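Peer 1: Protein sequence lines, in the order shown, are assigned to chains A and B.
Under full-length UniProt numbering, the letters of the first sequence match residues 1 to 287, in that order.
Under full-length UniProt numbering, the letters of the second sequence match residues 1 to 362, in that order.
Below you'll find the structure I mean.
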Amino acid sequence: MNKTVNQKAWLFVLPVFILVAFNAVIPLMTVVNYSVQETFGDNTFFWSGVLWFTEILQSERFHDSLGRQMIFTFSILAIEVPLGVAIALTMPRKGAWVPVCLVLMALPLLIPWNVVGAMWNIFALPDIGLLGYGLNAMGFDYNFTRQIGDAWFTLILMDVWHWTSLVVLLAYAGLVSIPDAYYQAAKIDGAGAFAIFRYIQLPKMKRVLTIAVLLRFMDSFMVYTEAVVLTGGGPGNSTTLLSIDLVKIALGQFDLGPAAAMSIIYFLIILALSWVFYTLMMRNEES
Amino acid sequence: MARITLDKLGHSYMENPVADADWALKQVDITWDDGGAYALLGPSGCGKTTLLNIISGLLRPSQGRVLFDDDDVTALSPDQRHIAQVFQFPVVYDTMTVYENLAFPLRNRGVDSATTDKRVREIAEFIDMTHRLDDRAKGLTADGKQKISLGRGLVRTDVNVIMFDEPLTVIDPHLKWELRSKLKELHQRVGRTMIYVTHDQTEALTFADKVVVMNEGEVVQIGTPVDLFERPQHTFVGHFIGSPGMNVLPCTVDGGKVYLGGNQIAVANDAAQGGGTAEIGVRPEFVSFADNGLPATVVKVSDAGRHKIVETRCADQTLRMLISEGVEIPADGVKLAFDTANTRLYTDGWLAGSRSAGGEGR
Chain A
1 MNKTVNQKAW
11 LFVLPVFILV
21 AFNAVIPLMT
31 VVNYSVQETF
41 GDNTFFWSGV
51 LWFTEILQSE
61 RFHDSLGRQM
71 IFTFSILAIE
81 VPLGVAIALT
91 MPRKGAWVPV
101 CLVLMALPLL
111 IPWNVVGAMW
121 NIFALPDIGL
131 LGYGLNAMGF
141 DYNFTRQIGD
151 AWFTLILMDV
161 WHWTSLVVLL
171 AYAGLVSIPD
181 AYYQAAKIDG
191 AGAFAIFRYI
201 QLPKMKRVLT
211 IAVLLRFMDS
221 FMVYTEAVVL
231 TGGGPGNSTT
241 LLSIDLVKIA
251 LGQFDLGPAA
261 AMSIIYFLII
271 LALSWVFYTL
281 MMRNEES
Chain B
1 MARITLDKLG
11 HSYMENPVAD
21 ADWALKQVDI
31 TWDDGGAYAL
41 LGPSGCGKTT
51 LLNIISGLLR
61 PSQGRVLFDD
71 DDVTALSPDQ
81 RHIAQVFQFP
91 VVYDTMTVYE
101 NLAFPLRNRG
111 VDSATTDKRV
121 REIAEFIDMT
131 HRLDDRAKGL
141 TADGKQKISL
151 GRGLVRTDVN
161 VIMFDEPLTV
171 IDPHLKWELR
181 SKLKELHQRV
191 GRTMIYVTHD
201 QTEALTFADK
211 VVVMNEGEVV
221 QIGTPVDLFE
231 RPQHTFVGHF
241 IGSPGMNVLP
251 CTVDGGKVYL
261 GGNQIAVAND
271 AAQGGGTAEI
281 GVRPEFVSFA
291 DNGLPATVVK
301 VSDAGRHKIV
311 ETRCADQTLR
321 MLISEGVEIP
331 ADGVKLAFDT
341 ANTRLYTDGW
351 LAGSRSAGGE
361 GR
C-alpha cells in the first residue's frame, strides 16, 4: 500500500492545537515560569532555579498537608468503594423501583460543591444543626469546629454522603451488564452467594470499579470547595488538605514562586499515583 | 440418571393468563427416557427455552409437574435437581483457569481434592482441553468456552440430564460441524440423557434419537428424524422440517374422497374422518412427472446441486417438487403424480384421523 504524503493535513489539527495551547499549555507554562523565579514586587523577576522546589519538598508544612491529604483520600476510598459496591448489589435490577433508586442515588451528585459544604456545615453545628445537636443530645461531646477528631469525622462523612453514589452508579452499571446466563450457570454449578460475588460479579465490575477508584482518587486528592466551606482547614491546620494549603500560600500569602512549585509537585503526585493505580488494577487484564 | 416426565406442564409469564395466547407453554406432556438423546426443535418464541428452563429448575411452571423418575422435583432448585446446562452464550468464569472452571461445580459441593483432580483430568481429556488446563479461561475462543461450559456439566457424576440451549449459535460454521459430531460421540460415551434445544433442523436431526417439535407453545410431534420426515403429524412439522418443506395445498373433501382443483387425489390416511379446513400434504420429494395426473405449469427451476427444485403452478397453487439431476423436465403439458403412500390429508393442520381434535383445547 502506498500512502499519500500530504503535509497539509496538519492544518486540520491546528484548531485543536490552538485550543489546547490556550486552555492548558500556556496557563501551565505560566505556573512553570513562576516556579523558577523570585520577585520582590514591582513586577520584576529573578531566576531562582529549583530553589522553590527544594524549599517546598523540605518544608514540614508541605509534608503535613500531604500526609493529611493521604489520610483523607485513602479513608474515603476505603469507605466509599466497598460501601458503593454493597449498595449496588442490593439495588433491584428490574422493575419499577429501578428509576427511583437511580434518581435517589444521583441526587447528591447534582448538588453544587459549595452548597454541599454549607449544608453540612449547618447540619453539623452543635447548637442548631440536626446532626450536631442530635449527637450532643445523645450524650456525645461533639463539636466539629473545635475538636480535631470531630472535624475529620464530619469531613469524611460529608464526602461519603456526596460521592458514594458515583461508585454505586458505576458498580450498578457493571452489574446490570452481566447476562442472566451467568447467574443461572452459577446456580446450576451450586455456587453460593459469596462465590457468585467473587467469581462473577466482581470480575465483571472490575473495569468500572477501576474507573470509580481512579475518579474518586483524583477528585478527592483535589478536593477543595466542600472542605473549605465546612471547616476552612481548621480547627488550627488539622484539616488543611493540600489544595487548601496551596490556596493559602498562593492567595493568602501571595508567595507565587513557592505556590507555583507546589502546584507542579501536586500535579505530578496525582499523575504518578493515578498511573500506579491504573497499572496495578489493569495488570491482570493482560495476562 | 433418571427418566424425566413432564406432567400437564403449562407456563405463562403473566400473572392471570386468560387467552390462549397468554400461555408461553400450553399443556405439555412428555416422557424422556433415561440416557436418550433428545432435541427440542421449533421456531424462535415457540416456548422451547421456557420448557428447558422449567426442566432445569430456573423457572417454576404455572401449572403441572416435573418428575425425575418418580420424584416430584417441580419445587426444587437447579442444584438440587442435579442437572447441567450449556447456554447459548458460553459461560465461563473469567478469572479462573480452565482447570478451576472445571473443578468449580465439584468444589462448591465439597468434593475432596483428590477426587476433583481425577474427575477434572478425565473430563479435560474428554473435551480435548488437557493441554490448556492451566490457561486462563478468558483467553479461549468461543468453541473452547462452550466446551468448558459442557465440561462443567460432565464433571459431576450425579447429573441427571445435560441440557443444551442452542449451544452452537456463537460458534464459527466450520467448527459447528465438528462440535456437533463431538456431542453425538460424547452422548454415546457417557450415556447421559441429553436434551438439545435448537431452531436448526440439521442440528436437531443429526444429534437426536428423538425430536420434539414445538410450535406456539405446544408439542406438535415427537418422533425419530425419519418419522418427522416421512409421517408429519401436523402441517407445521411438514413445512418446518425438510428443505424445501412439505407442500400444503388447500383441497376439498367430498364423501371420503379428496379433490384438488377438481382432480381426485389418493391419500394414505383415512379421509372420511374430521371436518374443518382440509389440506393435502405432500413433500417435494414425493411429487414426480407422469403421463397422467394433475395438469401443471413449470414456473421456475433452481439447481441445488444433486437435485433440482422445480416450482410449478398446479390448481392455482404453488407446488414445489424435487427431482434428481438426470430427470428431464417436460416442455409443456406437464402432468404431476403424487406418491400415494406419502400423500396425506390434514384437517385443521393435524393429520386427518390421527387425533380427535385433542391437544389444542385446555
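Note that CB positions come from ideal geometry on N, CA and C, so glycine has one too.
Since we're looking at a predicted model, the values are computed, not measured.
Give, in chain order, every residue of the segment 186 to 217 of chain A whose Cβ lies closer than 9 Å to some Cβ of chain B.
Peer 2: Listed by position along the chain: A186, K187, I188, D189, G190, A191, G192, A195, R198, Y199, I200, L202, P203, K204 and K206.
Peer 1: In whole angstroms, what is the alpha-carbon distance linking B/A19 and B/S12?
Peer 2: Cα-Cα distance, rounded: 11 Å.
Peer 1: Between the alpha carbons of A/M244 and A/A272, how many angstroms are there, rounded?
Peer 2: First, the residue type needs correcting, since residue 244 of chain A is Ile and not Met in the sequence shown. When rounded, the distance between both Cα atoms is 21 Å.
Peer 1: Specify the secondary structure class of B/E216 as computed by DSSP and reduced to three states.
Peer 2: Reduced to three states, the DSSP call for B/E216 is coil.
Peer 1: To test your reading of the DSSP string, which unbroken alpha helix (DSSP H) runs of 4 or more residues are found completely within the segment 200 to 246 of chain A?
Peer 2: Fully enclosed alpha helix (DSSP H) runs of 4 or longer: 202 to 221 and 225 to 230.
Peer 1: Does any C-beta atom of chain A lie closer than 7 Å to the C-beta of B/R3?
Peer 2: Chain A contact via Cβ: absent.
Peer 1: Under 7 Å between the Cβ atoms of A/G117 and A/P126?
Peer 2: Cβ distance not < 7 Å, so A/G117 and A/P126 don't count as in contact.
Peer 1: Per the contact definition of three or more C-beta pairs closer than 8 Å, is the segment 90 to 104 of chain A in contact with the segment 183 to 196 of chain A?
Peer 2: Touching, no.
Peer 1: Sort B/T115, B/D7 and B/F289 by Cα distance to B/I54 and report the nearest one.
Peer 2: Measuring from the Cα of B/I54, the nearest candidate turns out to be B/D7.
Peer 1: Of all the options A/S35, A/W163 and A/V168, which has the alpha carbon lying nearest to the alpha carbon of A/V223?
Peer 2: It is A/W163 whose Cα lies nearest to the Cα of A/V223.
Peer 1: Once the 5 residues before and after B/G361 are set aside, which same chain residues still bring their CB inside 6 Å of it?
Peer 2: With a pLDDT of only 34 at B/G361, under 50, the local geometry of the prediction cannot be trusted, and the value read off the model is given with reservation. Counting only Cβ-Cβ distances below 6 Å, and skipping sequence neighbours, we find nothing.
Peer 1: Kindly indicate the opening and closing residues of the alpha helix (DSSP H) around B/P105.
Peer 2: Unbroken alpha helix (DSSP H) run through B/P105: V98 to N108.
Peer 1: Count the CB pairs spanning the segment 326 to 334 of chain B and the segment 288 to 304 of chain B that are closer than 8 Å, and state whether there are at least three.
Peer 2: Verdict: yes, contact present.
Peer 1: Secondary structure at B/H199, three-state DSSP: helix, strand or coil?
Peer 2: If DSSP states are grouped into helix, strand and coil, B/H199 belongs with coil.
Peer 1: Who are the neighbours of A/F181 on chain B, taking C-beta pairs under 8 Å?
Peer 2: Sequence inspection shows Ala at residue 181 of chain A; the Phe mentioned does not correspond to that position. The answer, in chain order, is F87, Q88, F89 and V91.
Peer 1: So A/A78 is in the alpha helix (DSSP H); what residue range does that whole segment cover?
Peer 2: Run containing A/A78: E60 to T90, per the alpha helix (DSSP H) assignment.
Peer 1: Considering only C-alpha positions, which residue in the set A/I178, A/G129, A/V98 and A/L230 is nearest to A/V208?
Peer 2: With distances taken between Cα atoms, A/V208 lies closest to A/I178.
Peer 1: What does a CB cutoff of less than 8 Å around B/T97 pick up in its chain, not counting 5 residues either side in sequence?
Peer 2: Counting only Cβ-Cβ distances below 8 Å, and skipping sequence neighbours, we find L133, D134, D135, R136 and A137.
Peer 1: Just mark B/E56 as buried or exposed, buried being the case when its beta carbon has 16 or more other beta carbons within 10 Å.
Peer 2: It should be pointed out that residue 56 of chain B corresponds to Ser in this sequence rather than to Glu. Answer is buried; the Cβ neighbour count reaches 16.
Peer 1: In three-state terms, what does DSSP make of B/G64?
Peer 2: Looking at B/G64 - three-state DSSP - the assignment turns out to be strand.
Peer 1: Out of curiosity, what's the CA-to-CA distance linking B/L319 and B/E15?
Peer 2: Looking at the two C-alpha atoms, the distance is approximately 44 Å.
Peer 1: Verify whether the separation of the beta carbon atoms of B/L40 and B/V298 is less than 7 Å.
Peer 2: In this structure, B/V298 does not lie closer than 7 Å to B/L40 by Cβ.
Peer 1: Which same chain residues end up closer than 6 Å to B/S356 when comparing Cβ atoms and leaving out the 5 residues on each side of it in sequence?
Peer 2: Since pLDDT at B/S356 reaches only 46, below the 50 mark, its modelled position is unreliable, and the value read off the structure follows with that caveat. So no residue of the chain qualifies.
Peer 1: Per DSSP, what are the beta-bridge partners of B/P295 in this structure?
Peer 2: Note: B/P295 sits in a beta bridge opposite B/K335.
Peer 1: Taking just the CA atoms, how far does A/N237 sit from A/L66?
Peer 2: Spanning the two alpha carbons is a distance of roughly 12 Å.
Peer 1: Considering just the uninterrupted stretch of the alpha helix (DSSP H) at A/G174, what are its terminal residues?
Peer 2: Unbroken alpha helix (DSSP H) run through A/G174: I148 to V176.
Peer 1: Is it buried or exposed for A/A261, if we count other Cβ within 10 angstroms and need 16 for buried?
Peer 2: By the neighbour-count rule (16 or more Cβ atoms within 10 Å), A/A261 is buried.
Peer 1: Could you round the C-beta distance between B/T277 and B/T347 to whole angstroms and report it? I think they count as a contact, below 8 Å.
Peer 2: So it is a contact: roughly 7 Å between Cβ atoms.
Peer 1: Excluding the 5 residues preceding and the 5 following A/F45 in the sequence, name in chain order all residues of the same chain whose CB lies nearer than 8 Å to its CB.
Peer 2: So the qualifying residues of the chain are Q37, E38 and T39.
Peer 1: For B/D165, count neighbouring Cβ atoms within 10 angstroms of its own Cβ and tell me buried if that reaches 16, exposed if not.
Peer 2: So B/D165 ends up on the buried side.
Peer 1: Per DSSP, what are the beta-bridge partners of B/E230 in this structure?
Peer 2: For B/E230, which the question treats as bridged, DSSP gives no partner whatsoever.
Peer 1: Please classify A/V20 as buried or exposed, where buried requires at least 16 other C-beta atoms within 10 Å of its C-beta.
Peer 2: Answer is exposed; the Cβ neighbour count stays below 16.
Peer 1: I need the boundaries of the alpha helix (DSSP H) containing B/H82, first residue and last residue.
Peer 2: Looking at the DSSP string, B/H82 is not in any alpha helix (DSSP H), and its letter there is neither H nor E.
Peer 1: Let me see if you follow: with CB-CB separation under 7 Å, is B/N108 close to chain D or not?
Peer 2: Looking for chain D here will not work: the only protein chains present are A and B.
Peer 1: Identify whether A/F40 lies in helix, strand or coil by the three-state DSSP scheme.
Peer 2: Coil at A/F40, not helix or strand.
Peer 1: Report the neighbours of A/Q184 on chain B: residues whose CB is nearer than 9 Å to its CB, in chain order.
Peer 2: The contacting residues are N53, S56, L58, P78, Q85, F87 and V91.
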